[in-house]
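Peer 1: Input: one structure, supplied below.
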Amino acid sequence: MENSTEESKPVPETPTEEQTGVKSPRRKQIPVPPPIETSSPSPRSSSGSGRCYSPRMSENGSPSPRRSLQMGGRPNSAREFPQRRPYSPRSPRSNSNADERLSLYRNSTDAALAARRRPSDSSAPVSPRLASPRMNNFRRSMPIFKIPESGPEIQKYKEQALNKKLPLDLSQGTYDDIVYALANDRKNLAAKHNFEKSDKCNEAIKYVKECQIQAAKNELQKKVQQENQEKNQEIVKELEKFDEDSKRLLKELLATEKKMRAELEQQHEKEITENEQLWTSDVKLKNYNAPTNALMSLKKQINLLTVQCRFKEASVVTKEYQRQKAHEEKESFAQMQHDYDEALTKILDRQKEELKAFDAQTEIRVKHFEVTRGKERKAIENKLQINKNTAETAQDPEKLWAKTNVQRAQINEGPLNASTKLTRKDIADSDFELLTLPPLDLKRKK
């Protein structure tokens with residue numbers, strides 16, 4: 001209770017300066033710098049070291065409250081703070097806007113197509129999206145359907161198809177036109193509930209497709225046989241040319257080997273000549289024509305006896321000297337001849353081994369050439385055998401058709417054939433039909 005009474009007491013008012021006569025201390029007011037115009041770019045400082053600082057300005061030209069507080073001041077009034085924009089939720093898009101956008105897109109598409117049909121007319125509006133190269137590429141990539149022909153010739157073939165007497169030498173496009181004409185008749189007959197003739201058209205369409213497949217098989221067989229014959233002639237010519245080249249290359253190889261062997265023999269002959277010059281030179285002769293000490297002693301005795309006029313003794317020593325000299329000459333010549341024969345034999349044996357090795361290498365080169373060319377010729381013969389097997393397969397059009405997988409659907413960059421399927425919208429009748437009832441018997445007496 002005491003607390004409640006204390007809280008209910010009025011709070012005394014604080015006396016003002018005029019009542020008390022005493023001035024209260026006030027805080028020092030920090031001067032706010034004058035606003036700087038922001039219309040022109042701020043000039044650089046005189047030193048050129050950086051940019052001058054310009055505070056953010058509010059709507060009335062004074063610095064913003066946040067910037068002034070950062071500089072040490074405080075806001076004078078609440079009007080300096082920016083006012084927040086009231087929240088308003090985004091309104092959902094209406095269907096009318098979507099319809100307008102769709103109509104604008106359709107109008108621009110029609111205008112672009114009209115401008116494309118009239119390229120000389122530059123005043124027609126073209127949508128930027130449709131005029132882009134990407135859109136042009138998309139338009140080019142769209143399939144183009146071929147318009148089937150329905151002339152008198154197609155009508156004649158249609159009657160033949162109904163009678164199952166259609167020829168097998170027509171083109172694939174003609175068969176497609178016949179099928180399209182029969183499918184169109186079938187659609188009209190089915191719409192009139194003439195199911196009997198519609199069934200005949202079904203049989204005729206099936207018959208035309210069988211004829212088309214058979215014609216395609218015959219055309220494929222003829223094409224493969226012609227290509228096979230041309231390819232066979234090319235392979236035979238290639239094989240003949242290969243054999244001629246093999247003979248020419250082998251002849252060139254043998255001529256090269258023969259030339260190299262002649263050069264080797266010429267080198268051997270040069271070695272023998274140099275060896276003969278060495279053994280007949282004075283340098284080599286000095287090793288064998290030097291006399292022995294005994295022969296030199298006899299020669300010295302002859303000279304001394306001749307000087308002493310002892311001619312009889314000199315005559316006897318001379319005879320001994322001549323006999324000894326002849327013996328030494330014979331032995332020296334025999335030794336020289338033996339050494340020469342051994343040196344020549346070594347040279348001839350080495351040259352013989354070199355020629356033998358060269359002939360072996362020549363034989364290896366020729367063998368390698370024959371093996372290599374034989375492998376290459378075998379590859380050409382295999383192509384000829386494959387072509388022969390293809391020719392045997394081409395004799396039967398069914399095997400050829402199954403081997404080449406012609407039945408599989410393939411992508412065709414040309415115009416597409418129009419569809420011959422019978423859809424529900426081709427039949428104008430409704431699924432709901434009222435029953436036709438007779439007049440009601442009212443059981444009324446007349």
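At position 395 of the sequence shown (counting the first as 1) the number is 395 in UniProt numbering, and the numbers step up by one without a gap.
Even for Gly, the Cβ is constructed at its ideal location relative to N, Cα and C.
For clarity, every value in this text was computed on a predicted model and none was experimentally measured.
Which residue from 344, 399, 204, 357 puts its Cα closest to that of residue 257?
Peer 2: Comparing Cα-Cα distances from residue 257 to each of 344, 399, 204, 357, the minimum goes to 357.
Peer 1: Have a look at residue 239 and residue 380 and give me their C-alpha separation to the nearest angstrom.
Peer 2: Spanning the two alpha carbons is a distance of roughly 7 Å.
Peer 1: Hey, residue 172 and residue 212 are a contact pair by Cβ (cut 8 Å); roughly how many whole angstroms apart?
Peer 2: The pair is a contact, with the Cβ atoms about 7 Å apart (cut-off 8 Å).
Peer 1: Kindly indicate the opening and closing residues of the alpha helix (DSSP H) around residue 266.
Peer 2: Note, residue 266: alpha helix (DSSP H), 195-279.
Peer 1: Given that a residue counts as buried once 16 or more other Cβ atoms are within 10 Å of its Cβ, and exposed if not, what is residue 233?
Peer 2: Per the 10 Å Cβ criterion, exposed.
Peer 1: Distance, Cα to Cα, residue 263 vs residue 371?
Peer 2: Taking the straight line from one Cα to the other gives about 27 Å.
Peer 1: Looking at the structure shown, is residue 433 part of a helix, part of a strand, or coil, going by DSSP?
Peer 2: The answer is coil: DSSP assigns residue 433 none of H, G, I, E or B.
Peer 1: State buried or exposed for residue 221, treating a residue as buried only when at least 16 other CB atoms are found within 10 Å of its CB.
Peer 2: Buried: at least 16 other Cβ atoms inside 10 Å.
Peer 1: Does DSSP put residue 423 in a helix, a strand or coil?
Peer 2: Three-state DSSP puts residue 423 in coil, outside helix and strand.
Peer 1: Apart from the five residues just before and just after residue 403, which ones in its own chain have a Cβ nearer than 7 Å to its Cβ?
Peer 2: Cβ within range, chain order: 393.
Peer 1: Buried or exposed for residue 427, please, with buried defined as at least 16 other CB atoms from any protein chain shown within 10 angstroms of its CB.
Peer 2: Answer is exposed; the Cβ neighbour count stays below 16.
Peer 1: Suppose contacts are defined by Cβ-Cβ distances below 7 Å. Is residue 160 in contact with residue 168 by that definition?
Peer 2: Cβ atoms of residue 160 and residue 168: not closer than 7 Å.
Peer 1: In angstroms with no decimal places, state the Cα-to-Cα distance between residue 391 and residue 378.
Peer 2: Roughly 20 Å separates the two Cα atoms.
Peer 1: Restricting to runs no shorter than 4 residues, where is the alpha helix (DSSP H) found entirely within the segment 287-318?
Peer 2: For the segment 287-318, whole alpha helix (DSSP H) runs of length 4 or above, ordered along the chain, are 293-307.
Peer 1: Check the C-beta distance from residue 208 over to residue 175 and give it rounded, since I have them as a contact under 8 Å.
Peer 2: Residue 208 to residue 175, Cβ: 6 Å. Contact.
Peer 1: What is the C-beta distance between residue 383 and residue 235, in whole angstroms, given that I count them as a contact (C-beta under 8 Å)?
Peer 2: Correct: roughly 5 Å between the Cβ atoms.
Peer 1: For residue 244 and residue 366, I'd like the C-alpha separation in whole angstroms.
Peer 2: Cα to Cα, residue 244 sits roughly 16 Å from residue 366.
Peer 1: Quick one: grab the DSSP three-state call for residue 439.
Peer 2: Residue 439: coil per DSSP, three-state reduction.
Peer 1: Would you decide whether residue 447 is buried or exposed? Buried here means 16 or more other CB atoms lie within 10 Å of its CB.
Peer 2: In the structure as shown, the chain starts at 1 and stops at 446, and residue 447 therefore has no counterpart that could be examined.
Peer 1: Evaluate residue 158 with the Cβ neighbour count: other Cβ atoms within 10 Å of its Cβ, from every protein chain shown; 16 or more gives buried, anything less gives exposed.
Peer 2: By the 10 Å Cβ count, residue 158 comes out buried.
Peer 1: Taking all protein chains shown into account, decide if residue 298 is buried (16 or more other Cβ within 10 angstroms of its Cβ) or exposed.
Peer 2: Burial call: buried.
Peer 1: Could you give the distance in angstroms between the alpha-carbon of residue 355 and the alpha-carbon of residue 337?
Peer 2: One C-alpha to the other measures close to 26 Å.
Peer 1: Can you list, in chain order, the residues of its chain whose CB lies under 6 Å from that of residue 397, leaving out five sequence neighbours each side?
Peer 2: Only 217, 221 meet the Cβ criterion.
Peer 1: Give the straight-line distance between the Cα atoms of residue 189 and residue 202, rounded to the nearest whole angstrom.
Peer 2: Going by the C-alpha atoms only, they are around 11 Å apart.
Peer 1: For residue 151, which residues from the same chain have a beta carbon less than 6 Å from its beta carbon, with the 5 sequence-adjacent residues on both sides left out?
Peer 2: Answer for residue 151: no residue qualifies.
Peer 1: For residue 317 versus residue 302, is the C-beta spacing smaller than 7 Å?
Peer 2: Their beta carbons are under 7 Å apart, which means residue 317 touches residue 302 by this criterion.
Peer 1: I need the DSSP call for residue 163, collapsed to helix, strand or coil.
Peer 2: Residue 163: coil per DSSP, three-state reduction.
Peer 1: Nearest to residue 295 by alpha carbon, out of 206, 444, 277, 326?
Peer 2: Ranking 206, 444, 277, 326 by Cα distance to residue 295 puts 326 first.
Peer 1: Quick check on this structure: which residue in 164, 184, 342 has the alpha carbon closest to the alpha carbon of residue 423?
Peer 2: Checking every option, the nearest Cα to that of residue 423 belongs to 184.
Peer 1: What's the C-alpha gap between residue 334 and residue 280?
Peer 2: Roughly 15 Å between the two C-alpha positions.
Peer 1: In angstroms, rounded to a whole number, what distance separates the CA positions of residue 126 and residue 187?
Peer 2: Any answer about residue 126 is weak, because its pLDDT of 47 lies below 50 and its placement is not dependable; what the coordinates show is given next. The straight-line gap from Cα to Cα measures roughly 40 Å.
Peer 1: For the alpha helix (DSSP H) containing residue 395, list its first residue and its last residue.
Peer 2: From DSSP, residue 395 is part of no alpha helix (DSSP H); its letter is neither H nor E.
Peer 1: Does the separation of the CB atoms of residue 215 and residue 182 fall below 7 Å?
Peer 2: Not a contact, by the Cβ cut-off of 7 Å.
Peer 1: Do residue 322 and residue 268 have their beta-carbon atoms positioned less than 7 Å apart in this structure?
Peer 2: Not closer than 7 Å, so no.
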